[in-house]
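Engineer: Here you go, one structure.
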Amino acid sequence: MSSKRALLLTTPTSYRTQDYLDAAARLGIEAVVAVHLPRMLAEEWNFPFGADFGRPVQASEQLFDALASSNGSEEEIRYDAVLALDDSGSRVAALVAQKLGLPHNDPMAAEAARNKYRMRTMLAACGAPVPAFAEFRTGDNLKEIIARAEEAIGYPCVVKPEELNGSRGVIRADLRCELGAALRRLTALIGDGQPFLIEGYIPGVEVALEGLLDRDRLHCLALFDKPDPLEGPYFEETIYVTPSRLPLKTQNKIVETVEAAARGLGLQTGPIHAELRINEEGPWIVEVAGRSIGGLCSRILRFGMEVGNGSSLEELILRQACGLPLERLERESQAGGVMMIPIPEAGILRRVNGVEEAKRVAGIEDVQITARLDQSLVPLPEGDAYLGFIFAKGPSPAQVEELLRKAHSLIQFEVDPEFALVQ
-16 MSSKRALLLT TPTSYRTQDY LDAAARLGIE AVVAVHLPRM LAEEWNFPFG ADFGRPVQAS
44 EQLFDALASS NGSEEEIRYD AVLALDDSGS RVAALVAQKL GLPHNDPMAA EAARNKYRMR
104 TMLAACGAPV PAFAEFRTGD NLKEIIARAE EAIGYPCVVK PEELNGSRGV IRADLRCELG
164 AALRRLTALI GDGQPFLIEG YIPGVEVALE GLLDRDRLHC LALFDKPDPL EGPYFEETIY
224 VTPSRLPLKT QNKIVETVEA AARGLGLQTG PIHAELRINE EGPWIVEVAG RSIGGLCSRI
284 LRFGMEVGNG SSLEELILRQ ACGLPLERLE RESQAGGVMM IPIPEAGILR RVNGVEEAKR
344 VAGIEDVQIT ARLDQSLVPL PEGDAYLGFI FAKGPSPAQV EELLRKAHSL IQFEVDPEFA
404 LVQ
């Protein structure tokens, strides 16, 4: 058991917190949790490790002061790692780690990896494969935005908010009328005066890469295929399956492309989650995030299985961050996959049936319904959650995909649309 200590930056609604806490407990690492909270609320609740991650410099100073206070003085602060579990805390984590003299990504690199415009700008500057793009602001003259987008980008194009997670607010437009509707919908979501992107649509199949950076060298931990077409107008992810069924040459090119992109952003250490489109021209970068995979998806990954039950992704990340020896980084040989259960319609979730039947399907590891009964359901592009997750393992990626689809077909969600939120 180690005597390490790690500061974990998370949000009140994060799926990721418990898995990291469990991993820390298994490794004997003392985990201290800092939460994204408005300062007034943190003070009202007397919670010293609550800070507004939307104000990174102030939040890092507040958390550093809280660490010093809890340890008696700045000189007695003893931490081995500072980790952001979600995008929102990445720059704060880098700033706190910098103050503590711990290994960290440059704060501006961490910010670039979570801001779509800065990411696109830096990747384009280093020659990474990215589509044409331009930055705009909601509330500006709609006709002028459309005219500029048509001249600089053309159709089909994709509208993207700069800092919302996942596919929230991401809308494809093939025609002028669709672009106008997408812009109005995005403005309703993020408000006037907010920056956003319009970029060229990248055709092709989509993949996700999970990796660890060590002194800007990329260790690919898993490459996921996304077998469902993600062609819009919204981009709700569903199934991830690993290992990839793409040709080995293509897989190697994907790893090379992500490593070069991470280097171009200035990322040097820690987890990487990258998403790419693959077509006849090769891999194209959709995003490179300085964090691990979202939701509960990491639960399908195990590493070094020949030495017991294997390590979770969170254990590998904590080991690297705390300077502990890394065990074998090879993923288990068995294929694995996860389905993020999509929201079928807006409304109130009244009942869920068939979960136990789905769990009994041979090869299904677990089914977790994370949505609560009587909860309002909001689909993409406004929504930011899934109904739950289905996990499967099997002898081949094709069989795992089939298992996930079969299990999903057995689950019924009763949604009351009468109470759907008005968009």
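Each residue of the sequence shown is one higher than the one before, starting from -16 at the first, in the numbering used here. No residue lacks a Cβ here, since even glycine has one placed at the ideal position from N, Cα and C. Here the structure is a predicted model, which is why all the values come from computation and not from measurement.
For Val40, which residues from the same chain have a beta carbon less than 8 Å from its beta carbon, with the 5 sequence-adjacent residues on both sides left out?
Structural biologist: Contacts found: Leu78.
Engineer: Please report the Cβ distance between Gly247 and Gly273, rounded to the nearest whole angstrom; I am assuming they are in contact, meaning their Cβ atoms lie under 8 Å.
Structural biologist: In fact, because the Cβ distance is near 13 Å, the residues do not count as touching under 8 Å.
Engineer: So Asp70 is in the beta strand (DSSP E); what residue range does that whole segment cover?
Structural biologist: Per DSSP, Asp70 belongs to no beta strand (DSSP E) and is neither H nor E.
Engineer: Ends of the alpha helix (DSSP H) at His87?
Structural biologist: His87 -> no alpha helix (DSSP H), and no H or E assigned at all.
Engineer: Quick check on this structure: which residue in Gln351, His391, Arg131 and Gln45 has the alpha carbon closest to the alpha carbon of Gly163?
Structural biologist: The shortest C-alpha separation from Gly163 is found at Arg131.
Engineer: Is Ile185 near Trp267, with beta carbons less than 8 Å apart?
Structural biologist: Yes, the Cβ-Cβ distance between Ile185 and Trp267 is below 8 Å.
Engineer: Alpha carbon to alpha carbon, how far is Ala17 from Leu46? Give it in angstroms, no decimals.
Structural biologist: When rounded, the distance between both Cα atoms is 8 Å.
Engineer: Give a yes or no on whether the C-beta atoms belonging to Ser150 and Glu220 are separated by under 8 Å.
Structural biologist: Yes, the pair counts as a contact, with Cβ atoms nearer than the cut-off.
Engineer: Hey, is Met323's beta-carbon within less than 8 Å of any beta-carbon in chain C?
Structural biologist: Among the protein chains of the structure shown there is no chain C, as only one such chain exists.
Engineer: Can you tell me which residues form a DSSP beta bridge with Asn262?
Structural biologist: The partner list for Asn262 (beta bridge, DSSP) reads Gly265.
Engineer: Quick check: what's the CA-CA separation for Ser71 versus Cys305?
Structural biologist: One C-alpha to the other measures close to 21 Å.
Engineer: When the Cα atoms are used, what is the spatial distance from Ile129 to Gly174?
Structural biologist: Going by the C-alpha atoms only, they are around 18 Å apart.
Engineer: For Leu213, collect the residues of the same chain with a Cβ closer than 6 Å to its Cβ; drop the 5 residues on either side in sequence, then sort them by chain order.
Structural biologist: These residues qualify, in order along the chain: Glu189.
Engineer: With a threshold of 16 other CB atoms inside 10 Å of the CB of Gln1, please say whether the residue is buried or exposed.
Structural biologist: When all chains shown are included, Gln1 counts as exposed.
Engineer: Report the three-state DSSP secondary structure of Leu4 (helix, strand or coil).
Structural biologist: In this structure, Leu4 counts as helix in the three-state DSSP scheme.
Engineer: Classify Lys409 as buried or exposed, calling it buried when 16 or more other Cβ atoms lie within 10 Å of its own Cβ.
Structural biologist: In the structure as shown, the chain begins at -16 and stops at 406. Residue 409 is therefore absent and cannot be evaluated.
Engineer: Count the other CB atoms within 10 Å of the CB of Cys109; is the residue buried (16 or more) or exposed (fewer)?
Structural biologist: It is exposed - the Cβ of Cys109 has fewer than 16 other Cβ atoms within 10 Å.
Engineer: Excluding five sequence neighbours on each side, which residues of the same chain lie with their C-beta closer than 8 Å to the C-beta of Val290?
Structural biologist: Note on Val290: pLDDT 40, under 50, position unreliable in the model; the coordinate value appears next. Hits under 8 Å: Glu310 and Arg311.
Engineer: Mind reading off the beta-carbon distance from Leu166 to Val65? Whole number of angstroms is fine, and I expect it under 8 Å.
Structural biologist: Leu166 to Val65, Cβ: 38 Å. No contact.
Engineer: Thinking C-alpha only, which one of Ala318, Val335 and Gly319 is nearest Ser326?
Structural biologist: Checking the sequence shown, residue 326 turns out to be Ile, not Ser. Minimum Cα distance to Ile326 is reached at Val335.
Engineer: Taking just the CA atoms, how far does Asp367 sit from Leu301?
Structural biologist: Between Leu301 and Asp367, the C-alpha separation is close to 27 Å.
Engineer: Going by DSSP in three states, Arg314 sits in which element: helix, strand or coil?
Structural biologist: If DSSP states are grouped into helix, strand and coil, Arg314 belongs with the strands.
Engineer: Could I get the ranges of all uninterrupted beta strand (DSSP E) runs contained in the region 76 to 146, with 3 residues as the minimum, in chain order?
Structural biologist: The qualifying runs are 116 to 120 and 140 to 144.
Engineer: At the level of alpha carbons, what is the spacing between Leu296 and Glu133?
Structural biologist: In a straight line, the C-alpha of Leu296 is about 43 Å away from that of Glu133.
Engineer: Between the C-alpha atoms of Gln251 and Glu365, what's the straight-line distance to the nearest angstrom?
Structural biologist: Each residue's alpha carbon lies about 33 Å from the other.
Engineer: Taking the straight line between their C-alpha atoms, what separation do you get for Gln406 and Lys232?
Structural biologist: Per-residue confidence for Gln406 stands at a pLDDT of 44, beneath the threshold of 50, marking its modelled position as unreliable; the derived number appears in the next sentence. Their Cα atoms are separated by approximately 45 Å.
Engineer: Between Pro31 and Ser53, is the Cβ-Cβ spacing less than 8 Å?
Structural biologist: Yes, Cβ-Cβ distance for Pro31 and Ser53 is below 8 Å.
Engineer: Whole angstroms are fine: how far does the CA of Leu196 sit from the CA of Arg355?
Structural biologist: Taking the straight line joining both Cα atoms gives about 36 Å.
Engineer: By Cβ distance below 7 Å, which residues in the same chain neighbour His279 in space, the five residues on each side in sequence not counted?
Structural biologist: The question names His, but residue 279 in the sequence shown is Leu. Result list for Leu279: Tyr(-2), Gln351 and Phe372, in chain order.
Engineer: Could you name the residues of the same chain whose beta carbon sits closer than 6 Å to that of Asp199, not counting the 5 residues immediately before and after it, in chain order?
Structural biologist: Around Asp199: Arg246 and Gln251.
Engineer: To the nearest angstrom, report how far apart Glu26 and Asp48 are at their CA atoms.
Structural biologist: Spanning the two alpha carbons is a distance of roughly 14 Å.
Engineer: Let's test the definition: count the other Cβ atoms within 10 Å of the Cβ of Arg97 and tell me whether it reaches 16, buried, or not, exposed.
Structural biologist: It counts as buried.
Engineer: Would you be able to state if there are at least three C-beta pairs under 8 Å between the region 140 to 157 and the region 97 to 107?
Structural biologist: Yes: the two stretches touch, three or more of their Cβ pairs being nearer than 8 Å.
Engineer: Once DSSP output is grouped into helix, strand and coil, what is the label at Gly291?
Structural biologist: Because the pLDDT at Gly291 is just 47, under 50, the model does not fix this residue reliably, and the value given afterwards should be weighed accordingly. In the structure shown, Gly291 sits in coil (DSSP, three-state: anything other than H, G, I, E or B).
Engineer: State the beta-bridge partners of Pro178 as determined by DSSP.
Structural biologist: Answer by DSSP bridge pairing, in chain order: Arg120.
Engineer: In angstroms with no decimal places, state the Cα-to-Cα distance between Gly215 and Val238.
Structural biologist: Approximately 26 Å, taken between the alpha carbons.
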